[in-house]
Amino acid sequence: MQLHDASPLSDYIEYPVDEMIARSKQFYQEIKRRHTIRSFSDRPVPKEIIENCIKAAGTAPSGANHQPWHFVAIHSDDVKKQIREQAEQHEQSFYQGRAGEEWLNALKPLGTDANKPYLEHAPWLIAIFSQKKGGIHADDNNTNYYVHESVGIATGFLINALHSCGLVTLTHTPKPMSFLSKICQRPENERAYMLLIAGYPAEDATVPHHAQVKKSIDQITTFL
Ligand code: IYR
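Under the UniProt record's numbering, the first residue of the sequence shown carries the number 1, and numbering increases by one thereafter.
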């Protein structure tokens, strides 16, 4: 066995089983109130909250702990405007046919279209980038492993963190997303993974019925 340095697990907390059950119920009740929102208020959200949520995302597990992600938290009106302009251009061709009939039909119950006003109105856009190469230190240039899995988990942490402090999010994946790399001035090694819109919901925000249909535990689980 290879020698490796390690320290005792000192921050683990064990709960009595009754408390574990209560906590699992509470967590489910809390996370089932998370909804993807497409209508945002322009009320400001302090930078410190976004920073803390990104710190939380940065604790996610990743291949060889290389943390193959970079978050660009956008507050600048000018940058938001550029993102909206380019995203809407791509979305227009997507909705006018590039998506194909089956995809457009799948999106109908969500009521989405090419207009993305929230890209300018929401207080924060968080562009998430994945890194094909990197390593545990910021300036390493080694191979990264399980990049999509790692960045997906970190993004999940981020969505959960933002929800838990009372903000709503939208996972937006304009297609193609390469324009984000240019606007955010990210290096060649990085790919845009997702754009997360975060803020307060607009007063008239709605949740499509289609999005409220969740598969049951029996449908999604097999216990062996
Ligand atoms: N990116 C487009 C289309 C879209 C695609 C899927 I899959 C969605 O779940 C929702 C939207 C848009 O943002 O409108």
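Ideal Cβ placement from N, Cα and C applies to all residues, glycine included.
By Cβ distance below 6 Å, which residues in the same chain neighbour residue i in space, the five residues on each side in sequence not counted?
i, result
"S150", "S62, G63, P68"
"C184", "V72, A127"
"T173", "M194"
Residue i and residue j: beta carbons closer than 8 Å?
i, j, result
"F157", "A60", "yes"
"K175", "E120", "no"
"N142", "Q131", "no"
"F223", "Y118", "no"
"Y12", "R23", "no"
Skipping 5 residues on each side, what residues in its chain have a beta carbon closer than 8 Å to that of residue i?
i, result
"W124", "V45, I50, A73, I74, H75, I197, A198, G199"
"H210", "P109, L110"
"K47", "A73, H75"
Starting from the C-beta of residue i, find all residues in its chain whose C-beta is less than 7 Å away, skip the five residues before and the five after it, and write them out in chain order.
i, result
"K116", "R84, A87, E88, E91"
"N65", "I136"
Express the C-alpha separation of residue j and residue i in angstroms, rounding to a whole number.
i, j, result
"K55", "L162", "11 Å"
"D77", "G134", "31 Å"
"G152", "D18", "32 Å"
"S93", "D204", "28 Å"
"Q29", "L3", "43 Å"
Would you verify that the beta carbon of residue i is, or is not, closer than 8 Å to some beta carbon of chain C?
i, result
"H163", "In the structure shown, chain C cannot be found, because there is only a single protein chain."
Every unbroken beta strand (DSSP E) within the stretch 97-132, with a cutoff of 3 residues, ordered by chain: 124-131
Touch test, the stretch 24-41 against the stretch 162-180, Cβ-Cβ under 8 Å, three pairs minimum: yes
Continuous beta strand (DSSP E) assignments of at least 3 residues falling wholly in the stretch 6-66: none
Inside the stretch 135-214 only - beta strand (DSSP E) runs reaching at least 3 residues: 168-172, 190-199
Complete alpha helix (DSSP H) runs within the stretch 69-100 (minimum length 4 residues, chain order): 77-93
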